[in-house]
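Visitor:
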Amino acid sequence: MLTPIINGENVFNLLCYSKVVFIVVENYLTDKLGYAFTIFIRVVIFY
13 MLTPIINGEN VFNLLCYSKV VFIVVENYLT DKLGYAFTIF IRVVIFY
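See below:
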């Protein structure tokens, strides 16, 4: 899927860690601020 740049395993671990952190933050924001805000954040980050 991903081409290894420096050390493929480290990059992969970093991506997995980032995804986990993002999911936790996203769930927290959804609880606090509502679903519409989460969609807005997702659109800003990914588009």
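Each residue of the sequence shown is one higher than the last, beginning at 13 in this note's numbering.
Virtual Cβ for every residue (Gly too), placed ideally from N, Cα, C.
1) Provide the residue span of the alpha helix (DSSP H) that contains G20, from first to last.
2) Restricting to Cα atoms, I'd like to know which of V23, R54, N22 is closest to N39.
3) Classify P16 as helix, strand or coil using the three-state DSSP reduction.
Guide: With the given structure in hand:
1) Counting along the chain, G20 sits inside the alpha helix (DSSP H) bounded by residues 20 to 45.
2) Answer by Cα proximity: R54.
3) Any reading at P16 must be qualified, since the residue scores a pLDDT of 49, below 50, and its modelled position is unreliable; the value itself is stated next. Taken through DSSP and simplified to helix, strand or coil, P16 comes out as coil.
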